[in-house]
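Undergrad:
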Amino acid sequence: MFKIVSKKEIGPKVRAYEIYAPEVAKSARAGQFVIFRIDDKGERVPLTVAGTNPQKGLVKIIFQEVGKSTMHLASLCEGDYIKDFVGPLGHPTEIKKYGTVVAVAGGVGTAEVLPVIKEFKEVGNKIVTIVGARCKDLIILEDELKRESDLLLFATNDGTRGVKGFVTDVLKDVVGKEKVDIVYAIGPVPMMKAVAELTRAEHIKTLVSLNPIMLDGTGMCGACRVSVGGMIKFACVDGPEFDAHSVNWEELVSRLELFKSLEKISVDKFKYNQECKCHEK
16 MFKIVSKKEI GPKVRAYEIY APEVAKSARA GQFVIFRIDD KGERVPLTVA
66 GTNPQKGLVK IIFQEVGKST MHLASLCEGD YIKDFVGPLG HPTEIKKYGT
116 VVAVAGGVGT AEVLPVIKEF KEVGNKIVTI VGARCKDLII LEDELKRESD
166 LLLFATNDGT RGVKGFVTDV LKDVVGKEKV DIVYAIGPVP MMKAVAELTR
216 AEHIKTLVSL NPIMLDGTGM CGACRVSVGG MIKFACVDGP EFDAHSVNWE
266 ELVSRLELFK SLEKISVDKF KYNQECKCHE K
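Counting in the working numbering, the final residue of the sequence shown is number 296, and the numbers go up one at a time with none missing.
#1: Measuring CB to CB, does K98 end up less than 9 angstroms from M16?
#2: If we require 4 or more residues per run, which alpha helix (DSSP H) segments fall completely within the stretch 154-209?
#3: Ignore the nearest five residues each way along the sequence and tell me which others in I142's own chain have a CB closer than 7 angstroms to its CB.
#4: Taking the alpha helix (DSSP H) that M86 falls in, what are its first and last residues?
#5: Could you tell me how far apart the beta carbons of F169 and V146 are, in whole angstroms, since I believe they sit closer than 8 angstroms?
#6: How would you write the range of the beta strand (DSSP E) that L62 sits in, first residue to last?
#7: Note down, one range per segment and in chain order, each alpha helix (DSSP H) of at least 4 residues found wholly within the stretch 22-51.
#8: Is it true that the CB of I77 sits closer than 9 angstroms to the CB of R149?
#9: What's the call for E38, buried or exposed, on a 16-neighbour Cβ count within 10 Å?
#10: Quick one, which of V101, I154, P107 has its alpha-carbon nearest I53's?
#11: Look at L129 and L160 and say whether their C-beta atoms are less than 9 angstroms apart.
#12: Does the distance from the CB of Y35 to the CB of K22 come in under 9 angstroms?
#13: Within a Cβ cutoff of 6 angstroms, which residues of the same chain sit near K75, ignoring the five residues on either side of it in sequence?
#14: Given this structure, state the Cα-to-Cα distance separating K18 from L91, to the nearest angstrom.
#15: Should H87 go down as buried or exposed, given a rule of 16 or more other Cβ atoms within 10 Å for buried?
#16: Looking only at its own chain, which residues have a Cβ that is under 6 angstroms from the Cβ of V178, when we skip the five neighbours before and after it?
#17: One question on the structure: do K71 and A40 come within less than 9 angstroms of each other, judged by their Cβ atoms?
#18: Could you give the distance in angstroms between the alpha-carbon of Y96 and the alpha-carbon of V60?
#19: Do the CB positions of K208 and W264 come within less than 9 angstroms of each other?
#20: Rounding to the nearest angstrom, what Cα-Cα distance links E295 and I50 in this structure?
#21: At 4 residues or longer, and completely inside the stretch 84-129: list those alpha helix (DSSP H) runs for me, N to C.
#22: Are V138 and I155 touching if we call contact CB-CB under 9 angstroms?
#23: For R240, write down the residues that DSSP places opposite it in a beta bridge.
#24: Less than 7 angstroms between C-beta atoms, sequence neighbours within five positions excluded: which residues of the same chain meet that for T175?
#25: Per DSSP, what kind of secondary structure is T214 in: helix, strand or coil?
#26: Tell me which same chain residues have a C-beta within less than 7 angstroms of the C-beta of Y113, skipping the five on either side of it?
#27: Classify K192 as buried or exposed, calling it buried when 16 or more other Cβ atoms lie within 10 Å of its own Cβ.
#28: Per DSSP, which residues does K133 bridge with? Please list them.
Structural data, given as structure tokens:
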């Protein structure tokens, strides 16, 4: 059992938890992830490691309430326990000095990009971070990103923060002004695909962190398969990071849509069970 040591709300339906998991904390690196399961009947859900404190044995995870399991996790309190917290899984980000690194994050991907840019900065890279959100109220971890970035830029759909538009609008401007050695993108699939299309035309090396449907996290079930460069890869053991220009984005989008109707049923059932008082005495 793994204890929830701290719980904070850092945005609308966005939670930051610190989980006591000393074995994970001492070995996790930027880019890796864990799989949690709340109880015996819970589903296995992957979440990127957003930070660690090896001295205290703590692992930080940041998630948004979007499905039954994340809603259930959000309902737990400090001091509660979850059954499984497995990791670190996947390959860590290959950290080296490139020169200028542009990190592009959308939504909760902001939390996932933070440890990556921190390690890139530690080895001497210049860090330009571009954050996208629907509006300014949905931007998270701004102070933390500012500390790790040489330049922090924003794009919002409604123009309430930074450029009115998309992260690709900001990225295009950055690429036009200076030499970019590598782009790292994480966030919604349409965003990562758009970034890949832009950087392909500019011949800029680009990495994306993929989060397809995933079950066991060991490469045995094959649920997280993605096509990269015409070959089948498993995001859990071959990734989660891949060359953005080699990903079959259409196939990835199609696979992510497979269980949408079942996911909705699961959420509706969870909400009903939470609200129903008929069995209370």
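Ideal Cβ placement from N, Cα and C applies to all residues, glycine included.
Keep in mind the model is a prediction, meaning the values are calculated, not measured.
TA: On the basis of the coordinates in this document:
#1: yes
#2: 157-163, 182-192
#3: V116, A118, I132, F135, K136, E163, S164, D165
#4: 83-89
#5: 5 angstroms
#6: 60-68
#7: 37-40
#8: no
#9: exposed
#10: V101
#11: yes
#12: no
#13: E33, A65, G66
#14: 11 angstroms
#15: buried
#16: A170, D184, V185
#17: yes
#18: 16 angstroms
#19: yes
#20: In this prediction, E295 has a pLDDT of 49, which is less than 50 and means its spatial position is unreliable; nothing more can be read from the coordinates.
#21: none
#22: no
#23: F249
#24: C150, K151
#25: helix
#26: N140, D196, I197
#27: exposed
#28: The partner list for K133 (beta bridge, DSSP) is empty, contrary to what the question assumes.
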